[in-house]
Structure formats: C-alpha cells, structure tokens
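What follows is one structure encoded as structure tokens, with my remarks underneath.
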Amino acid sequence: MMDGEDTERDDALAEPQQTEPATHTVLMRLREMIVTGKIAPDSKLRAEALATLLDVSRTPIRSALAVLSAEGLVNYSVNRGYTVRAVTIGDVFDSLEVRATLEGIAARSAVNLGWEPGALRQSASLVEQGRAILDKGEWSEQVEYDWYELNRQFHRSILVASRNEVLRNAVRMTLIYTILGDAARLCPSIAASVPPRYRQVPPTPPDHIMESQAEHEAAMEAFKREDAEEAQRLMSTHVLATKHRLKAIVIPR
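Okay, so the sequence shown: first residue is 28 according to the working numbering, each after it adds one.
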C-alpha cells in the first residue's frame with residue numbers, strides 16, 4: 028500500500044487522492060506560506076501573481092485556492108476574491124482537539140483492517156530513523172525539519188493504512204499550523220503569544236521532541252501487537268500532547 032505513496036512525499040499530511048500532482052505541490056507550498064505568516068492575514072491571493080511567484084500555471088493555483096478555502100485557511104467572496112484568513116490561537120487548539128480524535132480513529136482502523144506487511148515495516152522504519160536522529164544528541168533548525176518530516180510521514184502512513192478517504196479528507200481540515208517544525212516558533216498566531224525563551228532552537232533535542240518520539244515508538248508497538256484500542260488511545264493522547272504543551276507556554280492575553 029505504501030509503495031505507491033512514495034511518489035507523493037511532498038503532499039501535506041492527507042491530501043485527497045484525486046488532486047493532480049501539480050496541485051499537490053502548489054497546495055503544500057501555499058499552505059506553508061500561509062500558516063508560517065509568509066503571506067500575511069487578509070492578503071488578497073491573485074492567481075496570476077501566485078502563478079508567477081511559484082513558477083506554475085494558473086490552473087493548479089486555482090485548484091489549490093479552492094482546497095484552501097474548503098479547509099478554512101482562505102476566505103472567498105465575489106467582490107474580493109480569495110483572501111488569507113487570520114488564524115487564531117483558538118483555531119489551532121480546536122484543530123488539535125479534532126485531529127486527536129481523527130488520528131485515534133485512523134490508528135484503530137489501521138489495526139482492525141490489518142496493516143500490509145510492507146506498509147508496517149515502512150512506518151516502523153520512519154520511527155527508527157527518528158530515534159537515530161535524536162540519539163545523535165544534536166538539534167538545529169535543519170535537524171528539527173528533518174525530524175518533523177519523518178513525523179509527518181509517520182502520521183500520514185497511519186492515515187493511509189486506515190483506508191478511509193473520508194477520514195483523510197477530514198484530517199486535512201485540521202492542518203492549520205505548520206507540521207514541519209515547532210508551532211510555538213513557526214505558527215505566527217502561537218508565536219506572538221509565546222515568550223522568547225520557548226521560541227529558541229536549543230543545541231540538543233528538546234524534551235517535548237524526546238517525549239513525542241517515545242510516543243511514536245509506543246504506538247508502533249501497539250500496531251505490531253495488533254492492539255486496536257491501545258493504538259487509538261496512544262495516537263489521540265499523542266496529538267493532544269501538542270495542544271497541552273502549547274497551552275502551557277502561551278501567555279494569557
């Protein structure tokens with residue numbers, strides 16, 4: 028099952044399978060630019076300008092904007108066209124709450140339906156590569172990106188294994204913050220309310236990454252044991268841990 032997915036490494040976590048490859052790439056790039064603040068809230072999104080910026084035709088731009096509008100990252104009106112929606116801290120927390128439930132369901136479904144052996148091995152390999160990164164004891168923006176990329180692929184592998192297209196599309200609606208780095212630093216709506224000390228990149232792997240890696244490993248063991256209920260519980264708790272950490276470091280306003 029996962030073999031065919033290798034050609035889509037540049038997807039977001041759960042892109043719809045019917046989306047054209049060019050739109051996959053444009054969609055991920057536009058989403059990242061929005062959630063990291065490279066395109067400011069309330070900015071007008073003109074297909075012609077974006078096509079020039081990303082060096083693509085206007086067709087995948089228009090398709091991507093339609094998806095982003097459905098996800099809630101972009102607003103559309105007849106008079107103004109597409110504009111970037113301002114994402115609030117509450118939006119991020121709500122998205123994590125919903126995503127925790129959905130990924131728990133995906134984990135349970137993946138076990139109940141039965142992982143294909145190759146897919147399970149590939150997911151285990153992603154977790155092992157994450158551990159290898161942390162065992163080096165070094166951390167930087169690049170190392171963080173590399174670890175989060177493995178994290179993205181691991182979460183996505185569970186969604187693929189669930190064989191539930193409705194669920195995968197529902198998860199897309201929750202991806203309103205960057206998944207390739209620490210949201211406390213890279214998501215503007217969070218970073219604006221987080222003290223500077225929590226936005227620094229430390230020289231060694233931070234505690235929350237070590238805990239997240241351990242949670243990946245525990246979930247992987249549940250998958251191997253074919254324990255559907257435990258896999259669901261672990262994945263839901265794992266996603267919610269991000270919400271709890273962010274809430275703990277955000278300055279009330």
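We put the CB at the ideal spot given by N, CA and C, even for glycine.
With 16 as the cutoff for other CB atoms within 10 Å, does Leu-273 come out buried or exposed? Classification of Leu-273: buried, given that the 10 Å Cβ count is 16 or more.
I believe Thr-269 touches Val-62 by the beta-carbon criterion, under 8 Å. Please report the beta-carbon distance rounded to the nearest angstrom. Between Thr-269 and Val-62 the beta-carbon gap is near 14 Å, outside 8 Å, which marks them as no contact.
Reference Ser-150; option with closest CA among Arg-73, Ser-96, Met-247 and Ile-276: Shortest Cα-Cα distance from Ser-150 to any of Arg-73, Ser-96, Met-247 and Ile-276 involves Met-247.
Determine whether the Cβ of Arg-89 lies closer than 8 Å to any Cβ atom of chain D. Protein chains in the displayed structure number just one, and chain D is not present.
Ordered along the chain, which non-local residues of its own chain (more than five positions away) have a Cβ less than 7 Å from that of Asp-38? Because Asp-38 sits at a pLDDT of 48, beneath the cut-off of 50, its placement in the model cannot be relied upon, and the following sentence gives the value as read from the coordinates. Excluding sequence positions up to five before and after Asp-38, its CB lies within less than 7 Å of the CB of His-51 and Met-55, all in the same chain and listed in chain order.
Are the Cβ atoms of Ala-129 and Tyr-109 separated by less than 8 Å? The sequence as given places Leu at residue 129; Ala does not occur at that position. Contact flag unset, no.
Quick one: measure Cβ to Cβ for Ser-184 and Leu-213, integer angstroms, because I've assumed they're closer than 8 Å. With 8 Å as the limit, Ser-184 and Leu-213 do not qualify as a contact, their Cβ atoms being about 23 Å apart.
Determine the direct distance from the alpha carbon of Glu-192 to that of Met-200, and round the result to whole angstroms. C-alpha separation (whole angstroms): 13 Å.
Put Thr-110 into one of helix, strand or coil per three-state DSSP. Three-state DSSP puts Thr-110 in a strand.
Roughly how many whole angstroms lie between the Cα atoms of Leu-57 and Ala-49? If I take the Cα positions, the gap works out to 12 Å.
Below 6 Å CB to CB, which residues in the same chain sit around Ser-122 once its five sequence neighbours on both sides are set aside? Excluding residues within five positions, the ones whose Cβ falls inside 6 Å are Thr-201 and Ile-203.
Could you compute how far the alpha carbon of His-265 sits from the alpha carbon of Asn-106? Computed Cα separation, rounded: 42 Å.
Through-space distance from Gly-145 to Leu-267, alpha-carbon basis: Here the alpha carbon of Leu-267 sits roughly 29 Å from the alpha carbon of Gly-145.
For Glu-155, is the classification buried or exposed, using 16 other Cβ atoms within 10 angstroms of its Cβ as the cut-off for buried? Counting Cβ neighbours within 10 Å, Glu-155 comes out exposed, since fewer than 16 surround it.
Thinking just about the alpha-carbon of each residue, which of Gly-99, Glu-98, Ala-67 and Ser-136 is nearest to the one in Gln-259? The shortest C-alpha separation from Gln-259 is found at Ser-136.
Pairing CB atoms from the segment 214-227 with CB atoms from the segment 70-90, are three or more of them under 8 Å? Taking one beta carbon from each stretch, the segment 214-227 and the segment 70-90 have fewer than 3 pairs nearer than 8 Å; the two do not touch.
Which of the three DSSP states is assigned to Tyr-204 in this structure? Of the three classes helix, strand and coil, the one that applies to Tyr-204 here is coil, per DSSP.
Going by other Cβ atoms of all chains shown within 10 Å of its Cβ, with 16 needed for buried, is Ala-211 buried or exposed? Taking every protein chain shown into account, the CB of Ala-211 has 16 or more other CB atoms within 10 angstroms, so this residue is buried.
Which residues in the same chain have their Cβ closer than 6 Å to the Cβ of Tyr-175, if we skip the five residues on either side of it in sequence? Result list for Tyr-175: Leu-207 and Gly-208, in chain order.
Hey, how far is the Cα of Tyr-103 from the Cα of Glu-242? The straight-line gap from Cα to Cα measures roughly 39 Å.
Do you know offhand how far Arg-95's Cα is from Gln-240's? A small fix is needed here, since residue 95 is Leu in this sequence, not Arg. Whole-angstrom Cα-Cα distance: 30 Å.
Short of 8 Å in beta carbon distance, which residues of its chain neighbour Asn-178, apart from the five on each side in sequence? Order them along the chain. Sequence-distant partners of Asn-178 (beyond 5 residues in either direction) whose C-beta falls short of 8 Å from its own C-beta, in its chain, are Gly-157, Ile-206, Ser-239 and His-243.
Can you round the beta-carbon distance between Arg-190 and Leu-140 to whole angstroms, since I take them to be within the 8 Å contact cut? Between Leu-140 and Arg-190 the Cβ distance is about 6 Å, and since that is below 8 Å, they are a contact.
Compute the beta-carbon to beta-carbon distance between Val-221 and Ile-276, rounded to the nearest angstrom, for a pair I have assumed lies under 8 Å. Contact annotation, Val-221 with Ile-276: C-beta distance approximately 5 Å; criterion of less than 8 Å satisfied.
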